[in-house]
């Protein structure tokens, strides 16, 4: 996403400072988005797409032939939805622990 964000910003004629001002964020926040250190939220993506005269899909590099959710993600979601709240909480903690230890 960060590559595409930089591309659309430049195409719209913005430097990082003016882009940050247009989107109502600090320059450091905007730089973090472009460098992939921080992910924009949905509202920020929509604002950026509007400011840079493009679409959210384009910024996110969505390809019509690429599924947004993999079969594995769908399966995990289905399993998660079948769990009660306490089991969901345990699963989230296990996933966080795994993610932390795998880095």
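Numbering (this note's numbering), first residue to last: 4 to 106.
All residues carry an ideal CB built from backbone N, CA and C; glycine is no exception.
Should residue i be labelled buried (16 or more other beta-carbon atoms within 10 Å of its own) or exposed?
i: residue 26; result: buried
Are residue i and residue j close, meaning C-beta to C-beta below 9 angstroms?
i: residue 20; j: residue 36; result: no
i: residue 51; j: residue 64; result: no
i: residue 7; j: residue 61; result: yes
i: residue 15; j: residue 57; result: yes
i: residue 41; j: residue 49; result: no
i: residue 83; j: residue 94; result: yes
So, under 8 angstroms CB-CB, residue i and residue j are touching, yes? Tell me the CB distance rounded to an integer number of Å.
i: residue 28; j: residue 55; result: With 8 angstroms as the limit, residue 28 and residue 55 do not qualify as a contact, their Cβ atoms being about 14 angstroms apart.
Mind pulling the beta strand (DSSP E) runs of 3 or more residues that sit fully within the region 25–100?
-> Entirely contained in the region 25–100, not one beta strand (DSSP E) run reaches 3 residues.
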